[in-house]
Every structure is written in C-alpha cells, then in structure tokens.
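Take a look at the structure set out below.
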Amino acid sequence: AQTIHQWPVAEIKAVGSPLSLGCTIKGKSSPNLYWYWQATGGTLQQLFYSITVGQVESVVQLNLSASRPKDDQFILSTEKLLLSHSGFYLCAWSPTGRDTQYFGPGTRLLVL
Amino acid sequence: QQKVQQSPESLTVSEGAMASLNCTFSDGTSNNFRWYRQHSAKGLEVLVSIFSDGEKEEGRFTAHLNRANLHVSLHIREPQPSDSAVYLCAVSPALNAPRFGAGTKLSVKP
Numbered sequence: 009a010q011t012i013h014q015w016p017v018a019e020i021k022a023v024g025s026p027l028s029l030g031c032t033i034k035g036k037s038s039p040n041l042y043w044y045w046q047a048t049g050g051t052l053q054q055l056f057y058s059i060t061v062g063q064v065e066s067v068v069q070l071n072l073s074a075s076r077p078k079d080d081q082f083i084l085s086t087e088k089l090l091l092s093h094s095g096f097y098l099c100a101w102s103p104t105g106r107d108t109q110y111f112g113p114g115t116r117l118l119v120l
Numbered sequence: 011q012q013k014v015q016q017s018p019e020s021l022t023v024s025e026g027a028m029a030s031l032n033c034t035f036s037d038g039t040s041n042n043f044r045w046y047r048q049h050s051a052k053g054l055e056v057l058v059s060i061f062s063d064g065e066k067e068e069g070r071f072t073a074h075l076n077r078a079n080l081h082v083s084l085h086i087r088e089p090q091p092s093d094s095a096v097y098l099c100a101v102s103p104a105l106n107a108p109r110f111g112a113g114t115k116l117s118v119k120p
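Here it is as structure tokens:
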C-alpha cells in the first residue's frame with residue numbers, strides 16, 4: 009500500500025526566514041506529485057506538480073519554489089517567507105495526471 | 011478561467027437524514043469531477059470520482075453529474091457525526107490542474 013508522509017507537521021516561522029517543507033511517497037514508483045496551499049478559510053490551490061525526477065512545473069506564483077530530488081520526494085521551499093505564506097500545505101500524489109490525487113496529512117505554517 | 015462554486019456554505023443535518031451538497035462549475039469541457047472531505051484542516055480524503063453524466067455511488071456517497079447544467083452534487087446517505095467535515099468539490103478540465111470549490115461545512119447532529 010502507498011503511504012504519503014509530510015514534514016514537519018507544523019511550523020512557526022519569522023517573516024524573511026527560509027522554509028523547507030518535505031513530502032515522501034512510499035510504495036509507488038514514478039508517481040505524479042503535487043503541492044497545494046490553503047490559506048486559513050481559503051480555497052485549496054495547486055502550486056506545483058511534477059511528473060518525474062528533476063522536473064517541476066509551477067501552477068501558481070507565490071514566491072515559492074519546489075524541487076523533486078528523488079523519485080519519492082517533493083520539496084517546497086523559499087528563501088524569504090512572507091506573512092501571506094501562512095496556511096496549510098498539502099502534498100498529493102497520483103498514478104498519472106488523470107487519476108485521483110491522494111493527499112498527505114499536511115503541514116500547518118504560521119508566519120509571524 | 012474555471013470557476014467552481016459550492017453551496018450551501020454550511021449545512022447541518024440530523025444523524026440518519028440525507029445530506030445534499032452542490033457544486034457548479036463554469037467550464038463545460040471539464041471531464042474529471044471529484045468530491046473530497048477534510049477533517050479539521052487535515053489531509054483530504056477522496057470520496058467519489060465521476061467522469062460522465064449520471065450517477066456514481068461509493069458506499070454511502072453518491073455523486074450526480076449533469077454537465078449540460080454545469081452541476082455536480084454529492085448525496086450522503088445516513089450521515090453520522092463522524093461525517094462532520096468540510097466537503098470539497100474538485101473540477102478538472104482534461105489534464106489541467108483541478109480547481110477546488112471553497113467547500114461546504116457539514117455538521118451532523120446525533
């Protein structure tokens with residue numbers, strides 16, 4: 009069975025500080041991977057997707073970047089956090105681009 | 011750009027009564043429709059996927075799609091308090107990124 013893990017569970021960070029959020033998928037080779045962001049009380053938005061190692065496509069510009077250093081790993085990062093980056097970050101995977109996306113437990117980020 | 015709107019914003023039903031949630035979308039070429047639910051800002055759980063007009067049942071969850079009316083609904087049979095959550099509609103045109111609605115907050119009272 010496939011499992012998806014996100015870390016950290018929650019973060020409190022200062023404006024201007026760097027950020028790195030991680031996501032790993034076990035039990036599935038070559039998955040499509042996605043990052044989503046949900047502002048408090050807001051709508052879920054897809055930020056990035058990746059169909060293969062080393063390849064990442066940006067969907068929404070939020071002064072964030074993503075990388076896929078390994079087949080089973082997806083990283084979301086920024087060098088300088090903004091207050092507007094606060095929210096809930098979800099990683100998801102799917103077998104292909106057409107399939108249902110399965111979501112991880114999420115990371116809650118508060119930027120002060 | 012695809013717009014996805016859900017109604018009602020919140021819904022309270024008694025345990026055992028049918029719960030009905032609605033979702034309208036603007037892009038008639040969309041062909042992937044999914045309902046998810048989210049418990050207290052946790053990960054999303056996929057409930058049902060539907061790709062053609064008509065009905066799709068997954069356990070107590072039934073989705074109805076009418077693309078001509080730009081409408082997809084979710085019906086929850088015999089809802090229980092543990093079904094209390096935010097329900098999200100996701101609409102995808104072909105291979106593009108899904109657009110999510112703002113959600114319907116469902117409360118099921120014992």
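Residue numbers (our numbering), protein chains in the order written: chain A, 9 to 120; chain B, 11 to 120.
Heads up, the beta-carbon is just placed ideally off N, CA and C, and yes, glycines get one too.
query = By a C-beta neighbour count over all protein chains shown, 10 Å radius and 16 as the cutoff for buried, is residue 10 of chain A buried or exposed?
reply = Answer is exposed; the Cβ neighbour count stays below 16.
ask   = DSSP on residue 77 of chain A, reduced to helix/strand/coil?
value = Taken through DSSP and simplified to helix, strand or coil, residue 77 of chain A comes out as strand.
message = Run through chain A and tell me which residues come within less than 8 Å of residue 52 of chain B, C-beta to C-beta.
response = Within chain A, the residues near residue 52 of chain B are 113 and 114.
ask   = Of the residues A:33, A:100 and A:78, which one's Cα is nearest the Cα of residue 63 of chain A?
value = Ranking the options by Cα distance to residue 63 of chain A, first place goes to A:78.
task = Starting from the N-terminal side, write out each stretch of the beta strand (DSSP E) that is 3 residues or longer and does not extend beyond the region 47-113 of chain A.
result = List check, beta strand (DSSP E) in window: 52-60, 63-66, 73-78, 81-86 and 95-102.
key: residue 70 of chain B versus residue 86 of chain B - alpha carbon distance   = C-alpha of residue 70 of chain B to C-alpha of residue 86 of chain B: approximately 6 Å in a straight line.
ask   = Which class does residue 20 of chain B belong to by DSSP, given the choice of helix, strand or coil?
value = Residue state, collapsed to three classes: strand.
message = Could you tell me the alpha carbon to alpha carbon distance between residue 89 of chain B and residue 50 of chain B, rounded to whole angstroms?
response = Straight-line Cα distance between these residues: approximately 18 Å.
task = Could you please give the first and the last residue of the uninterrupted beta strand (DSSP E) stretch that includes residue 10 of chain A?
result = Premise fails: residue 10 of chain A is in no beta strand (DSSP E) and is neither H nor E.
query = When the Cα atoms are used, what is the spatial distance from residue 88 of chain A to residue 53 of chain A?
reply = Going by the C-alpha atoms only, they are around 21 Å apart.
Inter-stretch contact (C-beta, 8 Å, three-pair minimum) for the region 97-104 of chain A and the region 31-43 of chain A = Verdict: yes, contact present.
ask   = Just how far apart, CA to CA, sit residue 72 of chain B and residue 24 of chain B?
value = The alpha-carbon atoms of residue 72 of chain B and residue 24 of chain B are separated by roughly 18 Å.
query = Can you name the start and end residues of the beta strand (DSSP E) that residue 47 of chain B belongs to?
reply = Element bounds for residue 47 of chain B: 42-48.
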